[in-house]
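Below is one structure, written out as structure tokens; comments come after it.
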Amino acid sequence: MTTPLSILDLAPIAPGQTVRESFAASVALAQTAEKHGYERVWYAEHHNMPTIASSATSVLVGHIASQTSTIRLGSGGVMLPNHSPLTIAEQYGTLAELYPGRIDLGLGRAPGSDQTTARAMRRDPRASDQFPQDVMELAAYLRDESIIPGVRAVPGAGTNVPLYILGSSLFGAGLAAALGLPYAFASHFAPDSLFEAVATYRRDFRPSAQLAEPYLMVAANVIAADDGADAAQQFEIMRRSRVRSMIARGPASPEYSDDQIDAFLTTTEGRRLADMMRYTAVGTSADVRTFLDDLVASTQADELILAHASQQIGDRLRSVELTAGAMAGVLA
């Protein structure tokens, strides 16, 4: 592959599927990605979402790492304001000791939940204001250079687990640049600031002990299938599901039918939500290759991190395989 490919996995729980089955699907996804040359698989911290099972990222990373051999694994990301930096250093330091050379730590400042859930997590609403300081504290623990006298991360100290800043705005771009860290932009669901954030990151980047030059990861959704019409149908299912999850939260929310979701998508608000999925490659392997090549050309991304978005695991695995082949020049 000319541009390294990676995967963002939310451990989705499909209709009629159990959490255990979702985790088995995540194992199969990582094993398939490893087989086809992907760089890494990341798991995103979300809470109180009935269709996402990746809330405990460090536990899931350890489970997947035990059933793979070489692929890098990590968080995409840990929502650091939900946790103490010391706890995260210990968790990911443990993983780094168990699986040396394979663990990443992507960090975000969003809660990964709604306000009610954030309160249930005992999250201080002001915690996100401390995100830059928390990142630096965490980095120091992992270097074994604690900025808090007498406090050391065990495990964690000296593991130097590589940090990545995740973002969907100029804030994350500026922070990643200032700290000299790799930057991953969440264009798979927040496309509007992509190019401004990329420009900010590259312009303001300062070299660090971890990174001498900017390293940019750009995210996109992908649905690759052997038949273009099948891919389009999978996309419609995915889009309805995403929109439904955004407008129907909480136990009192109605059960919207597909027809109701389709009608909503014709409204101004519905079109706005649909546009959040602007960076989605849909079609045959050739279609996906064209889309991703254009995305790399326009952003000069150093790596693509892809959310293979088909609802059924068999379709996701095929999408992983087809995309890897397409980007390596093997079109199905």
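When you read off a place in the sequence shown, starting at 1, and then add 27, the result is the number in the working numbering.
Ideal Cβ placement from N, Cα and C applies to all residues, glycine included.
A quick note: this is a predicted structure, and the numbers were derived from the prediction, not measured.
Problem set entry | Three-state secondary structure (DSSP) of T121 | helix
Exercise. Between N75 and L134, what straight-line distance do the alpha-carbon atoms span, to the nearest angstrom?
Worked result: 19 Å
Exercise. Are the C-beta of H215 and some C-beta of chain B separated by less than 8 Å?
Worked result: Checking the listed chains, one finds no chain B in this structure; it contains a single protein chain.
Exercise. Sorry if obvious, but does the Cβ on L190 come closer than 7 Å to a heavy atom of the ligand FMN?
Worked result: Although the ligand FMN was asked about, the structure shown includes no ligands whatsoever.
Exercise. Between which two residues does the beta strand (DSSP E) containing D36 stretch?
Worked result: L32 to D36
Exercise. On the three-pair Cβ rule with 8 Å, is the stretch 255-262 touching the stretch 214-232?
Worked result: no
For this session: With DSSP collapsed to three states, give me the class of A213.
Result: coil
Problem set entry | Meets three-Cβ-pair contact criterion under 8 Å: the stretch 285-300 and the stretch 245-252 | With fewer than three CB-CB distances shorter than 8 Å, the stretch 285-300 does not count as touching the stretch 245-252.
For this session: Specify, as a first and last residue, the run of the alpha helix (DSSP H) that V54 falls within.
Result: V46 to K62
For this session: For the alpha helix (DSSP H) holding V88, just list the boundary residues, first then last.
Result: Element bounds for V88: T84 to A92.
Exercise. When the Cα of S268 is compared with those of Q339, L206 and T97, which residue comes out closest?
Worked result: Residue Q339 is the option with its Cα nearest to S268.
Problem set entry | Whether L122 touches I115 by CB criterion (8 Å) | no
For this session: Return the residue from the list I91, S102, Y210 and T78 that minimises the CA-CA distance to E61.
Result: I91
Exercise. Which residue or residues does DSSP assign as beta-bridge partners of R299?
Worked result: Answer is none; R299 lacks a bridge partner.
Exercise. Under three-state DSSP, which class holds G103?
Worked result: strand
Exercise. Is V54 closer than 8 Å to Q94 when the C-beta atoms are compared?
Worked result: yes
Exercise. At what residues does the beta strand (DSSP E) containing T11 begin and finish?
Worked result: No answer is possible for residue 11: the residues shown for the chain start at 28 and end at 359.
Exercise. Does the beta-carbon of V46 have 16 or more other beta-carbons within 10 angstroms, so that it is buried, or is it exposed?
Worked result: exposed
Problem set entry | For L238, the nearest candidate out of L35, Y191, I264 and R266 (CA to CA) | Nearest option by C-alpha distance: Y191.
Exercise. If G25 and E117 are in contact, beta carbons under 8 Å, what's the gap, nearest whole angstrom?
Worked result: A question about residue 25 goes unanswered here, because the residues of the chain that appear run from 28 up to 359.
For this session: Give a yes or no on whether the C-beta atoms belonging to L37 and I79 are separated by under 8 Å.
Result: yes
Exercise. In the DSSP assignment, what residue or residues form a beta bridge with L333?
Worked result: I34 and A247
For this session: Rounded to whole angstroms, what's the CA-CA distance from A226 to F198? Just pull it up for me.
Result: Spanning the two alpha carbons is a distance of roughly 13 Å.
Problem set entry | For Y70: DSSP bridge partner residues | D36 and S102
Exercise. Sorted by chain position, which residues of the same chain lie with C-beta nearer than 6 Å to A328's C-beta, five sequence neighbours on each side aside?
Worked result: L243 and V245
Exercise. Measuring CB to CB, does A351 end up less than 8 Å from H73?
Worked result: no
Exercise. In the DSSP assignment, what residue or residues form a beta bridge with V130?
Worked result: One detail in the question is off: residue 130 reads as Ile in this sequence, not Val. Paired residues: L100.
Exercise. Looking only at DSSP bridge pairs, what is L190 linked to?
Worked result: L132
For this session: Take every Cβ of the stretch 150-169, pair it with every Cβ of the stretch 105-114, and state whether three or more of those distances are shorter than 8 Å.
Result: yes
Exercise. Just curious, the alpha helix (DSSP H) that M360 is in, first and last residue?
Worked result: This structure leaves residue 360 out entirely; the chain is present only between 28 and 359.
Problem set entry | Residues near A51 by beta carbon distance below 6 Å, same chain, minus five either side | Correct list: empty, nothing qualifies.
Problem set entry | Cut-off 7 Å between Cβ atoms - residues of its own chain near A71, not counting five sequence neighbours on either side | L35, L37, S81, G103 and G104
Problem set entry | Residues near T307 in its chain [Cβ-Cβ closer than 6 Å; skip 5 each side] | N248
For this session: Spatial neighbours of I363 within its chain, please: CB distance less than 6 Å, with the 5 preceding and 5 following residues excluded, ordered by chain position.
Result: The structure shown has nothing for residue 363, since the chain only spans 28 to 359.
Exercise. Between V270 and L292, which are expected to be in contact by the criterion C-beta below 8 Å, what is the C-beta distance as a whole number of angstroms?
Worked result: 7 Å
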